[in-house]
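**Student:**
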Ligand code: TXE
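In this note's numbering, the protein residues as written are 5 to 500.
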């Protein structure tokens, strides 16, 4: 990797260095290497970014949507061309294994391309009028300036989910990324810059959530906030945004279950939970954090899983033979280790892992052994989001108990069931309280052309991705065109 780069803020089409700001750096969670340095933005910087975005809005909203799509398509081409370089940066800065680092960028490519096409759809409705010679339709209009506040776990994909959808709808954007993956975020911004986005349409302010994020949420010129992160932060963002009567879109946590029934293909279920629980070191919002297993196959599946996970190669994620890299930061490491202690204290049976990995190269990074606990439903580790390589396994006696346990948590993002019984599979689709249900596949594996989001504390009802992604970023205008040349009264001129 070349010399660590020093980034400014990207405001009104230029990289700027406001005077007197502190700086912070990002480091590789595998070995502590310095990657890049960034401005710790302040309220004035958020103000300047919103001013630029507000100024750019009129021209951008009146740019025909297919033309906006062409710029997005160029961005997608650039992401594709630079996929390898960006994938390596994702792995270096966030710690996911290189195949997943590339996957993060591929998801960006897929989504930006998909949204580029939306430039030729952005469909409204035409509906009949109750009156003669009257034509009724809806059109979609942009909201204005939107703030995109993103986490670190999908450091190119999540920003793109928000930015590309906001831009195609004609909004202008201020983007505030998670601080520990600010280099990935800066690369996303550079890509849009190179794609030819007009100045002010996308602005980038790094800095703390409490300072920059709050300033964006409080600014009356910001009409919508798109946030992905933790539940407590999300709640604060929601309440703050509500004061300004803003549309706040939230994607928050999960405690995603994989159910395995006694008729399941156990080899498949084993592969599923291995990937679902320990992919991205368990730091996906859709990660499998609970395995709920029918008592008849419980011992068999668990023994095989433990044996499989104990063969895991945990190490440098840039090495393609590595199964699992570090967790993303010191904060993540201490949070996950504290949950492991909670699990031990509440009497869960530790089947494997349960420690920080130390010695040799491990001492330079945040490595935690993949951890499996046997526990009963209701313990803290079985209901709270841990967001790390820790799996809680719960035994159940039948399908009904499995679904009851699966649903008895405050979250509802993803869910999965392994069974060959078609009736139970369809019942699970009906009965699992989650925004996403997989049948005979792990809880992870979103595709950009399908909606993504959850129920209960996972969010506040919206969905990202898929064709519904544009709901978050558009206002609907209802239009009545009366060509009768006389005054017609709805609800009054009844039956004429
Ligand atoms: O999230 P935060 P973090 C969960 C996961 C993880 C925990 C904390 O459990 O351990 O959240 O992760 C900005 N006003 N998820 O610290 O704090 C912040 O700067 C406005 C689950 O990364 O929620 C960052 O840009 N913004 C999740 C973003 O919010 C604020 C994915 C997210 O930060 C702010 C990631 C404020 N007051 C974490 N405070 C998932 N399920 O996808 C912070 N921010």
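Quick reminder that beta carbons are idealized off the backbone N, C-alpha and C, glycines included.
All values derive from a computational prediction rather than experimental measurement.
Check for me: the beta strand (DSSP E) holding residue 442 runs from which residue to which?
**Tutor:** Run containing residue 442: 440-443, per the beta strand (DSSP E) assignment.
**Student:** Please state the DSSP three-state secondary structure of residue 142.
**Tutor:** In this structure, residue 142 counts as strand in the three-state DSSP scheme.
**Student:** Starting from residue 27, follow its DSSP beta bridges and name the residues at the other end.
**Tutor:** Answer is 43, bridged to residue 27.
**Student:** Buried or exposed for residue 134, going by 16 or more other Cβ atoms inside 10 Å?
**Tutor:** Burial call: exposed.
**Student:** Alpha carbon to alpha carbon, how far is residue 300 from residue 270?
**Tutor:** Straight-line Cα distance between these residues: approximately 12 Å.
**Student:** Please name the residue in 488, 36, 171 whose C-alpha comes closest to that of residue 122.
**Tutor:** That would be 171, whose Cα lies nearest to the Cα of residue 122.
**Student:** Could you tell me if residue 287 is buried or exposed, where buried requires 16 or more neighbouring beta carbons within 10 angstroms of its beta carbon?
**Tutor:** By the 10 Å Cβ count, residue 287 comes out buried.
**Student:** Would you say the beta carbon of residue 417 is closer than 8 Å to some non-hydrogen atom of ligand 1?
**Tutor:** Yes - ligand 1 has a heavy atom lying nearer than 8 Å to the Cβ of residue 417.
**Student:** Between 59, 164, 71, which has its C-alpha nearest residue 125's C-alpha?
**Tutor:** Checking every option, the nearest Cα to that of residue 125 belongs to 71.
**Student:** Cutting at 6 Å between CB atoms, please list the residues of its own chain near residue 16, excluding the five before and the five after it.
**Tutor:** Cβ neighbours of residue 16 beyond the five flanking positions: 56, 203, 204.
**Student:** First and last residue of the alpha helix (DSSP H) that includes residue 198?
**Tutor:** 186-198 is the span of the alpha helix (DSSP H), which, as asked, contains residue 198.
**Student:** With 16 other CB atoms within 10 Å as the buried threshold, where does residue 227 fall?
**Tutor:** Buried.
**Student:** Does the beta carbon of residue 43 fall short of 8 Å from some heavy atom of ligand 3?
**Tutor:** What this structure holds is ligand 1, not ligand 3.
**Student:** Which residues does DSSP list as the beta-bridge partners of residue 165?
**Tutor:** Note: residue 165 sits in no beta bridge, so no partner.
**Student:** Give me the Cα-Cα distance between residue 401 and residue 329, rounded to the nearest whole angstrom.
**Tutor:** Near 35 Å, if we compare the C-alpha coordinates of residue 329 and residue 401.
**Student:** Skipping 5 residues on each side, what residues in its chain have a beta carbon closer than 6 Å to that of residue 483?
**Tutor:** Closer than 6 Å at the Cβ level, and outside the excluded window around residue 483, lie 141.
**Student:** By DSSP, does residue 478 sit in helix, in strand, or in coil?
**Tutor:** Looking at residue 478 - three-state DSSP - the assignment turns out to be strand.
**Student:** Check for me: the beta strand (DSSP E) holding residue 396 runs from which residue to which?
**Tutor:** That run of the beta strand (DSSP E) goes 394-400.
**Student:** Straight-line CA distance for residue 230 to residue 105?
**Tutor:** So the two alpha carbons sit approximately 23 Å from each other.
**Student:** For the stretch 232-249 against the stretch 374-381, do three or more pairs of beta-carbon atoms, one drawn from each stretch, fall closer than 8 Å, so that the two count as touching?
**Tutor:** Contact fails: fewer than three Cβ-Cβ distances are below 8 Å.
**Student:** Considering Cα atoms alone, identify which of 101, 410, 310 is closest to residue 323.
**Tutor:** The option with the nearest alpha carbon to residue 323 is 101.
**Student:** Between the Cα of residue 304 and the Cα atoms of 265, 285, 350, which residue gives the shortest distance?
**Tutor:** Nearest C-alpha to residue 304: 265.
**Student:** Provide the residue span of the alpha helix (DSSP H) that contains residue 34, from first to last.
**Tutor:** Element bounds for residue 34: n/a, residue is neither H nor E.
**Student:** Can you tell me whether residue 170 sits near ligand 1, meaning its C-beta is under 8 Å from at least one heavy atom of the ligand?
**Tutor:** No, the beta carbon of residue 170 sits no closer than 8 Å to any heavy atom of ligand 1.
**Student:** Check whether the Cβ of residue 485 sits closer than 8 Å to any heavy atom of ligand 1, and report yes or no.
**Tutor:** No, the beta carbon of residue 485 sits no closer than 8 Å to any heavy atom of ligand 1.
**Student:** Starting from residue 255, trace the beta strand (DSSP E) both ways and give me its first and last residue.
**Tutor:** It spans 251-255 - the beta strand (DSSP E) in which residue 255 sits, taken as one unbroken run.
**Student:** For my contact list, residue 18 and residue 29 are in at a C-beta cut-off of 8 Å; report their separation, rounded to the angstrom.
**Tutor:** Contact flag wrong, Cβ pair sits at about 22 Å.
**Student:** Comparing C-alpha positions only, which one of 348, 413, 296, 438 sits nearest to residue 404?
**Tutor:** For residue 404, the nearest C-alpha among the options comes from 296.
**Student:** If the criterion is Cβ atoms closer than 9 Å, does the pair residue 111 and residue 452 meet it?
**Tutor:** Cβ distance < 9 Å, so residue 111 and residue 452 count as in contact.
**Student:** Figure out for me which residue from 342, 210, 321 has the closest Cα to the Cα of residue 389.
**Tutor:** The shortest Cα separation from residue 389 among 342, 210, 321 belongs to 342.
**Student:** Determine the burial state of residue 9: buried for a count of at least 16 other Cβ atoms within 10 Å of its Cβ, exposed for fewer.
**Tutor:** So residue 9 ends up on the exposed side.
**Student:** Measure the Cβ-Cβ separation of residue 504 and residue 188 and say whether it is below 9 Å.
**Tutor:** No answer is possible for residue 504: it lies beyond the span of the chain, which begins at 5 and ends at 500.
**Student:** Unbroken alpha helix (DSSP H) runs of length 4 or more, entirely within the stretch 359-436: which are they?
**Tutor:** Segments of the alpha helix (DSSP H) lying fully in the stretch 359-436: 384-387, 403-411, 426-435.
**Student:** Would you say residue 151 and residue 192 are within 9 Å of each other, going by their C-beta atoms?
**Tutor:** No. Outside cutoff.
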